[in-house]
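**Student:** One structure is given below, represented as C-alpha cells, and several questions about it will come after.
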Amino acid sequence: MSIYDIKVKKSDGQEYELNEYKGKPMLIVNTATKCGLSGQFDGLERIYNDYKDDGLVVLGFPSNQFKQELGNAEEAEQACRMSYGVTFPMHEMTKLNGKDAHPLFQHLTTNSKGILSKNIKWNFTKFLVDEKGEIIKRYAPTDSPESIKNDIEKIFSK
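Take the sequence shown: its position 126, counted from the start at 1, is 126 in our numbering, and no numbers get skipped.
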C-alpha cells in the first residue's frame, strides 16, 4: 500500500485521497491546539509559506489522543486559523495509536523509526515525505519546524 492510496478527511468532512499530492513533498504533523508545543504552528506556517510555491504541502491532523485538543475538528481548525494564522490544510480529528489508529498514521509509524517504540508519543510528531511518497524522516515533537528546513531543501535540490 502506498501513502497515495490512503483516504483522509478535511475538517469539514470532505474525503479525498492523498494521491492529490502525488509529485509534491508533504510535511505531515499531528497537532493539538492546547498543547505546550502549539507555538510550533507559527513555524509550520512559515515553512508552508516558504516552500508552497515549490510544491511542499503541510498537512495538519488534530488529535485528542493526548487530551490536549478542542472538542472537534472544526473547533480545532478555527483555533489554528484565528490564533496562529494557519493556512495549510487541516483535517478531521484523528486517532494516532492503537487498534483504531487512522490508516495514515499506521502507515507513517510502520514505515519510520521512532525512539524505543513506533507509537506516536506526543503532539507535533512530524513526518517528511518526498515527492515519490517515501518517508524521508520522522521528527520528534520537540524538533522545531525550522530544524526541518535542511531536509526539505535536500528534497528540492535532487
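We put the CB at the ideal spot given by N, CA and C, even for glycine.
Please state whether DSSP places L104 in a helix, a strand or coil.
**Tutor:** Helix.
**Student:** Label T31 either buried or exposed according to how many other C-beta atoms from any shown protein chain fall within 10 Å of its C-beta, with 16 as the threshold for buried.
**Tutor:** T31 comes out buried.
**Student:** Entirely within the segment 23-73 and at least 3 residues each: give me those beta strand (DSSP E) ranges in chain order.
**Tutor:** Correct list: 26-31 and 57-62.
**Student:** Would you call F41 buried or exposed, if buried means 16 or more other Cβ atoms sit within 10 Å of its Cβ?
**Tutor:** Label assigned to F41: buried.
**Student:** Count the other C-beta atoms from every protein chain shown that fall within 10 angstroms of the C-beta of Y48, then say buried if there are 16 or more, exposed otherwise.
**Tutor:** So Y48 ends up on the buried side.
**Student:** Can you name the start and end residues of the alpha helix (DSSP H) that P153 belongs to?
**Tutor:** First, the amino acid is wrong: residue 153 is Glu here, not Pro. Element bounds for E153: K149 to F156.
**Student:** From the DSSP output, in three-state form, read off I6 for me.
**Tutor:** The answer is coil: DSSP assigns I6 none of H, G, I, E or B.
**Student:** Comparing alpha-carbon positions, which option in N97, A140 and K22 lies nearest E134?
**Tutor:** Comparing Cα-Cα distances from E134 to each of N97, A140 and K22, the minimum goes to K22.
**Student:** Excluding five sequence neighbours on each side, which residues of the same chain lie with their C-beta closer than 8 Å to the C-beta of L37?
**Tutor:** Taken in chain order, the residues that qualify are W122, N123, F124, P141 and T142.
**Student:** Is the beta carbon of I97 less than 7 Å from the beta carbon of N119?
**Tutor:** What sits at residue 97 in the sequence shown is Asn, not Ile. Against a cut-off of 7 Å, the Cβ pair of N119 and N97 comes out as a contact.
**Student:** Under the DSSP definition of a beta bridge, which residues are partnered with K126?
**Tutor:** BP columns for K126 point to V29 and Y139.
**Student:** Would you call the segment 84-92 in contact with the segment 11-25, where contact means no fewer than 3 C-beta pairs closer than 8 Å?
**Tutor:** The segment 84-92 vs the segment 11-25: in contact.
**Student:** The beta strand (DSSP E) with E17 in it runs from where to where?
**Tutor:** Counting along the chain, the beta strand (DSSP E) containing E17 begins and ends at E15 to E17.
**Student:** Distance check for R138 and Q78, CA to CA, integer angstroms please.
**Tutor:** Cα to Cα, the separation comes out at about 27 Å.
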